Amino acid sequence: MKKIKYILLFLLSLSLFNSCLVDDEADIDQNDQGSNFAAFELTKIDLMGLANGDAYDRTIKMMVKGHSVKDISSDIDITVEANASSTALDGVHYVLPSNTIKLTKENNYIGLLDITMLTAGNTPPMDGTPEFENYVAPVLNLDIVVADGDSKVIASGKSAQITLNYVSPNPYEGTYDVYTYYSHPTAGVSEDNWQKDLTAITGRKCLTWFAIWDDVKCWITVNADNSITYEVDPDDWDDEVKMGDPRDPSLVSHFDETTGEIYLYYYYTRDTGSRIFHEVFTPTF
31 MKKIKYILLF LLSLSLFNSC LVDDEADIDQ NDQGSNFAAF ELTKIDLMGL
81 ANGDAYDRTI KMMVKGHSVK DISSDIDITV EANASSTALD GVHYVLPSNT
131 IKLTKENNYI GLLDITMLTA GNTPPMDGTP EFENYVAPVL NLDIVVADGD
181 SKVIASGKSA QITLNYVSPN PYEGTYDVYT YYSHPTAGVS EDNWQKDLTA
231 ITGRKCLTWF AIWDDVKCWI TVNADNSITY EVDPDDWDDE VKMGDPRDPS
281 LVSHFDETTG EIYLYYYYTR DTGSRIFHEV FTPTF
């Protein structure tokens with residue numbers, strides 16, 4: 031049986047839980063004396079973790095930047111601390127195992143600051159609820175307060191804005207047996223069975239593949255009222271995909287809470303008529 035070939039990219043792969051770093055590099059202005067600066071590689075950083083009670087070890091890249099880094103030979107000790115403007119709380123949202131990092135010439139004055147992201151008690155509201163609309167992820171604003179080891183290296187003065195993105199556990203993620211009904215205007219009706227994986231993007235949204243084409247991505251969102259939002263990646267597919275069955279308006283995509291099954295009805299239209307799909311996702315978990 032065909033399997034999904036795609037996994038969630040940062041934004042999204044929940045199974046990888048890697049740190050996602052976004053934004054441009056910090057703009058470090060050099061002064062007239064040509065000082066070098068201890069700095070964060072990026073000034074805006076996103077960390078992601080599934081809010082399942084686990085603690086996730088992440089890293090933040092730091093370095094010495096400047097015109098005369100090649101002239102430095104001693105180790106540089108950098109000390110960081112949370113800015114008072116932070117909404118993320120130490121011991122609640124995160125822990126810094128150490129607030130000091132040593133950068134060495136052997137490593138080209140590049141190093142990783144460890145940070146542990148805590149998820150216990152930090153589950154965000156489920157998307158689709160009123161609480162979700164007003165939810166703001168906690169932010170840790172981290173300052174470099176000391177750079178010791180060489181007079182030619184000073185703290186950059188640039189803070190890192192670290193957003194701690196908690197992802198609600200997605201109850202729809204998993205492997206499904208899928209029955210597919212396909213009605214073509216000239217070729218007739220075909221039916222098939224597959225297995226498809228739903229990979230969590232958010233607490234309600236999952237990634238899988240479209241219809242009978244395992245190289246076309248689509249997203250299934252189970253809304254708070256158990257209705258379905260179905261999206262096909264426009265980069266993979268040119269035709270507009272519409273919900274429902276044009277022959278029978280009573281067929282509406284939905285999630286069945288009792289059975290855990292997902293029912294999809296959708297179609298797209300070309301010159302010769304509509305291509306109509308019915309899919310039933312039955313969980314194997």
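The sequence shown begins at 31 in our numbering and counts up by one.
Where a beta carbon is used, it is the ideal one built from N, C-alpha and C, also for glycine.
Predicted model, so just to flag it, every value in this text is computed and none were measured.
8 Å Cβ cutoff met for Asp101 and Ala112
Position 71 of the sequence shown holds residue 101. Position 82 of the sequence shown holds residue 112. Taking the C-beta atoms as reference points, Ala112 is found no nearer than 8 Å to Asp101.
Rounded to whole angstroms, what is the Cα-Cα separation between Ile58 and Asp76?
What you label residue 58 is simply residue 28 of the sequence shown in a count that begins at 1. What you label residue 76 is simply residue 46 of the sequence shown in a count that begins at 1. With a pLDDT of 45 at Ile58, under the threshold of 50, the modelled position of this residue cannot be trusted; read the value that follows with caution. For Ile58 and Asp76, the distance between alpha carbons rounds to 21 Å.
State buried or exposed for Phe315, treating a residue as buried only when at least 16 other CB atoms are found within 10 Å of its CB.
Locating residue 315 in the sequence shown gives position 285, where the first residue counts as 1. Answer is exposed; the Cβ neighbour count stays below 16.
My parser needs the alpha helix (DSSP H) runs of 4 or more residues fully inside the segment 232-285; what are they?
If we require 4 residues or more, the segment 232-285 turns out to have no alpha helix (DSSP H) run fully inside it.
Please identify the residue among Thr302, His308 and Glu270 whose C-alpha is closest to the C-alpha of Val282.
Counting from 1 along the sequence shown, the entry for residue 282 is found at position 252. Out of Thr302, His308 and Glu270, His308 has the C-alpha closest to the C-alpha of Val282.
Counting Cβ pairs closer than 8 Å, one from the segment 230-238 and one from the segment 211-222, do we hit at least three?
Flag = no, the segment 230-238 and the segment 211-222 do not touch.
Below 7 Å, is the gap between the Cβ of Asn195 and the nearest heavy atom of the ligand GDP?
You won't find the ligand GDP in this model; it holds no ligand whatsoever.
Quick one, are the C-beta atoms of Leu142 and Tyr124 less than 8 Å apart?
One-based indexing of the sequence shown puts residue 142 at position 112. One-based indexing of the sequence shown puts residue 124 at position 94. Cβ atoms of Leu142 and Tyr124: not closer than 8 Å.
If we ignore side chains and look at the alpha-carbon of each, how far apart do Asp180 and Ser189 end up?
For the purposes of this step, residue 180 is taken as the residue at position 150 of the sequence shown. For the purposes of this step, residue 189 is taken as the residue at position 159 of the sequence shown. When only Cα atoms are considered, Asp180 and Ser189 end up about 21 Å apart.
Looking only at its own chain, which residues have a Cβ that is under 6 Å from the Cβ of Arg88, when we skip the five neighbours before and after it?
Residue numbering aside, residue 88 sits at position 58 when the sequence shown is read from its first letter. Setting aside the 5 residues that flank it on each side, Arg88 is surrounded in the same chain by Ser49, Leu77, Ile145 and Met147, each with a C-beta closer than 6 Å to its C-beta; the list follows chain order.
Contacts around Ala185, its chain only, beta-carbon distance under 6 Å, and the 5 residues preceding and following it disregarded:
In the sequence shown, residue 185 corresponds to position 155, counting from 1. So the qualifying residues of the chain are Ala68, Ile174 and Ala177.
When you compare only the Cα positions, how much space is there between Asp275 and Tyr295?
Along the sequence shown, read from residue 1 onward, the residue named residue 275 stands at position 245. Along the sequence shown, read from residue 1 onward, the residue named residue 295 stands at position 265. In a straight line, the C-alpha of Asp275 is about 6 Å away from that of Tyr295.
If the criterion is Cβ atoms closer than 8 Å, does the pair Pro155 and Phe162 meet it?
The residue labelled residue 155 in the question sits at position 125 within the sequence shown. The residue labelled residue 162 in the question sits at position 132 within the sequence shown. Yes; because the gap between Cβ atoms is below 8 Å, this pair is in contact.
Asn129 and Val110 closer than 8 Å at C-beta
The count along the sequence shown starts at 1 and reaches residue 129 at position 99. The count along the sequence shown starts at 1 and reaches residue 110 at position 80. In this structure, Val110 lies closer than 8 Å to Asn129 by Cβ.
Opposing strand residues paired with Met147 [DSSP bridges]:
One-based indexing of the sequence shown puts residue 147 at position 117. Met147 is bridged to Tyr86 and Tyr124.
Since Trp103 and Lys135 should fall inside the 8 Å C-beta cutoff, what is the C-beta to C-beta distance between them, to a whole number of angstroms?
Position 73 of the sequence shown holds residue 103. Position 105 of the sequence shown holds residue 135. The amino acid occupying residue 103 in the given sequence is Ser; Trp does not appear at that position. Their Cβ separation, rounded to whole angstroms, is 6 Å, which keeps Ser103 and Lys135 in contact under 8 Å.
Compare the Cα-Cα distances from Gly151 to each of Trp267, Glu71, Pro201 and Leu80 and report the closest residue.
For this step, residue 151 is matched to residue 121 along the sequence shown. Closest option to Gly151, Cα to Cα, is Leu80.
Tell me whether Asn221 sits in a helix, a strand or coil according to DSSP, three-state version.
Start at 1 with the first residue of the sequence shown, and residue 221 comes out as number 191. For the sequence presented, residue 221 should be read as Glu rather than Asn. Under the three-state reduction of DSSP output, Glu221 falls in the strand class.
Could you name the residues of the same chain whose beta carbon sits closer than 7 Å to that of Ser220, not counting the 5 residues immediately before and after it, in chain order?
For the purposes of this step, residue 220 is taken as residue 190 along the sequence shown, with counting starting at 1. The answer, listed in chain order, is Tyr212.
On a CA-only basis, which of Trp267, Val246, Asp207 and Ser280 is nearest Ile292? Give me that one, please.
On the sequence shown, position 262 is the one that residue 292 refers to. Checked all of Trp267, Val246, Asp207 and Ser280; the closest Cα to Ile292 is Asp207.
Taking C-alpha atoms, which residue in Asp286, Val271, His284 and Thr205 lies nearest to Arg305?
Counted from its first residue, the sequence shown places residue 305 at position 275. Val271 is the residue among Asp286, Val271, His284 and Thr205 whose C-alpha sits nearest the C-alpha of Arg305.
Cutting at 7 Å between CB atoms, please list the residues of its own chain near Glu261, excluding the five before and the five after it.
For the purposes of this step, residue 261 is taken as residue 231 along the sequence shown, with counting starting at 1. Excluding residues up to 5 positions away in sequence, Cys248 and Trp249 lie with their Cβ nearer than 7 Å to the Cβ of Glu261 in the same chain.
Do you know offhand how far Thr205's Cα is from Leu228's?
Within the sequence shown, the letter at position 175 stands for residue 205. Within the sequence shown, the letter at position 198 stands for residue 228. Straight-line measurement puts the Cα of Leu228 at about 6 Å from the Cα of Thr205.
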